[in-house]
Structure formats: C-alpha cells, structure tokens
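Visitor:
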Amino acid sequence: MGNLDSMLDELNNMENSITLRDENGEEVKLYVLEETKLNGESYLLASDTKDGDGECYLLRDTSKPEDAEAAYEFVDDDGELEYMSKVFAELMSDLGVDIE
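Last residue of the sequence shown? That's 1261 in our numbering, and every number before it is there in order.
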C-alpha cells in the first residue's frame, strides 16, 4: 500500500480524458475542458490537445441513469451545436479562455 503523498500525486496527475471512436472507427482521445447540464442533458466540451490550441468538440451523454458508465456521442445537430457552443463559450470566458 502506497503512502498518502504518492496517492495524492497520482490523483493530481490523472488527466481528465475520454476515448471515443470517430466515424471511421478509430479511437480518438479527447481532453475534457468543461462540462455542464442543460435541460436534463449532460454535455462536455473536449479538445484534441491537452495544452494550447486545438480542435474543440461538443459531446452529449447518451447513457441512462442506471448505466454504470457514461456514454458520449458527438453533437452534430446544427441548432444544438450552435446553442451549446454559446453556453460553453460563456462558461470558458469566465475562466479567461476564448473559444472561436
């Protein structure tokens, strides 16, 4: 059993990331930047890079409350994408991060 300091270091170094499959079936690792709930739906803003500039993606949690793990899909509806982009832009601006 490790000591408390090493366990805390390990927790601090864990990255908040998820791995999904893209439309080609290839695994894509995304880093979660922010999450929010709106109208009973959970959404994530994720990036393909851990630091710096990268592509951002909006994901919706499609799992049911009884599911052991969350399941995410890319948001591709134009109206939902536009609206949630504005929500996340506002959330991230509070942190001093600009989303274009």
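We put the beta carbon where it would ideally sit given N, CA and C, even for glycine. Being a predicted model, the structure only gives us computed values, none of them experimental.
1) For residue 1191 and residue 1209, I'd like the C-alpha separation in whole angstroms.
2) Work out the CA separation of residue 1200 and residue 1230 for me, nearest whole Å.
3) Can you list, in chain order, the residues of its chain whose CB lies under 8 Å from that of residue 1222, leaving out five sequence neighbours each side?
4) At the level of alpha carbons, what is the spacing between residue 1240 and residue 1188?
Guide: The answer reads as follows:
1) For the purposes of this step, residue 1191 is taken as the residue at position 30 of the sequence shown. For the purposes of this step, residue 1209 is taken as the residue at position 48 of the sequence shown. Cα atoms of residue 1191 and residue 1209: separation of roughly 5 Å, rounded to the nearest angstrom.
2) If you number the sequence shown from 1, residue 1230 lands on position 69. If you number the sequence shown from 1, residue 1200 lands on position 39. Near 20 Å, if we compare the C-alpha coordinates of residue 1200 and residue 1230.
3) As a position in the sequence shown, residue 1222 is number 61, starting the count at 1. Excluding five sequence positions before and after residue 1222, the CB atoms of its chain that fall closer than 8 Å to its own CB belong to 1202, 1203, 1204, 1205, 1231, 1232, 1233, given in chain order.
4) Your numbering for residue 1240 matches position 79 in the sequence shown. Your numbering for residue 1188 matches position 27 in the sequence shown. Near 27 Å, if we compare the C-alpha coordinates of residue 1188 and residue 1240.
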